[in-house]
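Undergrad: What follows is a single structure, and I will ask about it in a moment.
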Amino acid sequence: MPTEPDAEPEPADRRETDDAPLDPAESLRLIRDQQQRAGALIPDGRLLYLVWGAAWLLGFVVLWGSSRTGGGAGFAWTPDAAEVPAALPAGWAFAVYSVLIAAAIAVTIVHSVRRGAGVRGPSARTGALYGWSWFLGFLVMALLVAGIASSGASADVVARVANGSACLVVGMAYLMSALLWEDLRLYVLGAWILLVGGVASLFGLPATYLVMALAGGGGFLVMAAVAHLAVVRGRREEREAPRA
Amino acid sequence: MPDEPLDPVIHAASRLRVVATLAALVVGDQIAFPRLQKLLDMTAGNLSTHLRRLEEAGYVVVHKTHEGRTPATYIELTPRGRRAFDQYQEQLTALLKGAGS
């Protein structure tokens, strides 16, 4: 295969060979190659899963870690949990967490906008409405958490509601996105994140953060790996595709 | 259908690549000329020539518009172009099957 001189013709050569007869295998290969290049028009899921996995893993580990050193109970569901003052994450840990999440949001927006640049029509409209859906979901979630916090709920309650509702928004959004883009893997991730949110809510401070970090962040990272393997496998199948 | 001749408008390397790229877009989407040019690695003049040919065949629509004061050109595959591309691919597959067995 590497010795085939016309395997990767230069664009300039293509011009010359324009009227030369194409054989069917060559045509199919041109189509596949070109449609793979057109993949540059849609966001690369691997990058986005990786960024979000890293943000959740690091961000929630920092929240969990700083609350442990702050003293207090390990697992708030142990019988004596009520008597032990809840371990609060340090203020700087919230700052680190916020910066990581903000960075992940920025990467997502910049990457998606760049990939879709120069394309207009139904997909651009869908993409914009999609972005607004996430914004609205998290806006309401933030108001909900603020409301609960201002009602005098303990830090433990606030943390459980914040983590559980974040997962509810993310999980449901993924389930719907999976239907929109017919992406079964994304559906599995959505179901997983919903489950993580449910479980994280059963744990109090600071264990709820550890569940979010390992199961939530870990879920995104596994997804990044699965998506990457799918790309690698696709490329290999393409190389090994029969050429007449 | 395998006996039918392949569509000469599509069955040429450069135009095939143009159509394959446009067919990868969501139905109804349009792509800006510079972005399409980049995806294809073609010169602007070259791409224009092929687009004209595709336009004559009714396979693409070229929308001339303005973004602010800058003129912009967007290209869209027509339903007819999409059908022709689908049929072309079916014919190729049939030809390959016939040759392989």
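Those protein sequences? They're chains A and B, same order as listed. Mind the numbering: the first sequence is residues 0 to 243 in numbering that gives the first Met the number 0, read in order. Mind the numbering: the second sequence is residues 0 to 100 in numbering that gives the first Met the number 0, read in order. Backbone N, C-alpha and C define an ideal beta-carbon position, used for all residues, glycine too. Just so you know, these numbers come straight off a predicted model, no measurement behind them.
Determine the DSSP secondary structure at B/H62, reduced to helix, strand or coil.
TA: B/H62: strand per DSSP, three-state reduction.
Undergrad: Measure the C-alpha to C-alpha separation of A/R238 and B/L91 and round it to an integer number of angstroms.
TA: Using only the alpha carbons, I get a separation of about 18 angstroms.
Undergrad: By the three-class DSSP mapping on this structure, what secondary structure does A/I30 have?
TA: The answer is helix: DSSP assigns A/I30 an H, G or I state.
Undergrad: Report yes or no: do three or more beta-carbon pairs, one from the region 144-154 of chain A and one from the region 190-202 of chain A, lie closer than 8 angstroms?
TA: With a cut-off of 8 angstroms, the region 190-202 of chain A and the region 144-154 of chain A do not count as touching, because too few Cβ pairs lie within range.
Undergrad: Classify A/F219 as buried or exposed, calling it buried when 16 or more other Cβ atoms lie within 10 Å of its own Cβ.
TA: Its Cβ being crowded by 16 or more others within 10 Å, A/F219 is buried.
Undergrad: Please classify A/A94 as buried or exposed, where buried requires at least 16 neighbouring CB atoms within 10 angstroms.
TA: Exposed: under 16 other Cβ atoms inside 10 Å.
Undergrad: Counting only beta-carbon atoms, is B/L24 nearer than 8 angstroms to chain A?
TA: True, the Cβ-Cβ gap to chain A drops below 8 angstroms.
Undergrad: Helix, strand or coil for A/T207, going by three-state DSSP, please let me know.
TA: Correct three-state label for A/T207: helix.
Undergrad: Can you confirm whether B/Q86, when its beta carbon is compared against all beta carbons of chain A, has any partner nearer than 8 angstroms?
TA: Chain A contact via Cβ: absent.
Undergrad: If you measure from the beta carbon of B/T20 to each beta carbon in chain A, is any gap under 8 angstroms?
TA: Yes - at least one Cβ of chain A is within 8 angstroms of the one on B/T20.
Undergrad: Below 8 angstroms between beta carbons: does that hold for A/G246 and A/G163?
TA: No information on residue 246 of chain A is available, as it lies outside the stretch 0 to 243 that chain A covers here.
Undergrad: Is there at least one Cβ from chain B nearer than 8 angstroms to A/P42's Cβ?
TA: Judged by the 8 angstroms Cβ criterion, A/P42 is not in contact with chain B.
Undergrad: In angstroms with no decimal places, state the Cα-to-Cα distance between B/L5 and B/L95.
TA: Taking the straight line joining both Cα atoms gives about 13 angstroms.
Undergrad: Given a cut-off of 8 angstroms, decide if B/Y73 and A/R113 are closer than it, judged by their beta-carbon atoms.
TA: Going by C-beta atoms, A/R113 is not nearer than 8 angstroms to B/Y73.
Undergrad: What did DSSP end up calling B/P70 once you bin it into helix, strand or coil?
TA: Looking at B/P70 - three-state DSSP - the assignment turns out to be strand.
Undergrad: Taking 8 angstroms as the limit between beta carbons, can you name the residues of its chain near A/S122, skipping five residues before and five after?
TA: If we look at A/S122 and ignore the five residues flanking it on each side, its Cβ neighbours are G115.
Undergrad: Give the secondary structure of A/L21 by DSSP, where H, G and I count as helix, E and B as strand, and everything else as coil.
TA: Reduced to three states, the DSSP call for A/L21 is coil.
Undergrad: Pull up the DSSP beta-bridge partners for A/V160, would you.
TA: For A/V160, which the question treats as bridged, DSSP gives no partner whatsoever.
Undergrad: Output needed in chain order: residues of the region 25-57 of chain B with a Cβ under 7 angstroms from some Cβ in chain A.
TA: Taking 7 angstroms as the Cβ-Cβ cut-off against chain A, the residues of the region 25-57 of chain B that qualify are V25, G27, D28, Q29, I30, A31, P33, R34, L38, D40, M41, N45.
Undergrad: Tell me where the alpha helix (DSSP H) around A/I108 begins and ends.
TA: Where A/I108 is concerned, the enclosing alpha helix (DSSP H) stretches over 90-115.
Undergrad: Pull up the distance between the alpha-carbon of A/G216 and that of A/A206, whole angstroms please.
TA: For A/G216 and A/A206, the distance between alpha carbons rounds to 14 angstroms.
Undergrad: By alpha-carbon positions, which one of A/F137, A/V157, A/I100 ends up nearest to A/G170?
TA: Closest by alpha carbon: A/F137.
Undergrad: Just tell me which of B/A93, B/V17, B/A23 has its CA closest to the CA of B/D40.
TA: Of the listed residues, the one whose Cα sits closest to B/D40 is B/V17.
Undergrad: Taking only three categories from DSSP, how would you classify A/A81?
TA: Only weak support is given to the placement of A/A81: the predicted model assigns it a pLDDT of 49, under 50, and the question is left unresolved by the model.
Undergrad: Give a yes or no on whether 8 angstroms exceeds the smallest Cβ distance from A/P205 to chain B.
TA: It does not; no Cβ of chain B falls within 8 angstroms.
Undergrad: Can you give me, in chain order, the residues of the region 110-136 of chain A that have a beta carbon less than 7 angstroms from any beta carbon in chain B?
TA: Listed by position, the residues of the region 110-136 of chain A near chain B (Cβ gap below 7 angstroms) are A116, G117, V118, R119, G120, P121, S122.
Undergrad: Using 8 angstroms as the threshold, is the C-beta distance between A/A212 and A/W55 below it?
TA: Yes.
Undergrad: Between A/A145, A/A92, A/S176, A/Y48, which lies nearest to A/L128 when the distance is taken from Cα to Cα?
TA: Minimum Cα distance to A/L128 is reached at A/S176.
Undergrad: If the cut is a Cβ gap below 7 angstroms, which residues of chain A does B/L91 touch?
TA: Chain A residues near B/L91: P23, S26, L27.
Undergrad: So for A/W76, helix, strand or coil by DSSP?
TA: With a pLDDT of 48 at A/W76, under the threshold of 50, the modelled position of that residue is not reliable, and the figure given next carries that caveat. A/W76: coil per DSSP, three-state reduction.
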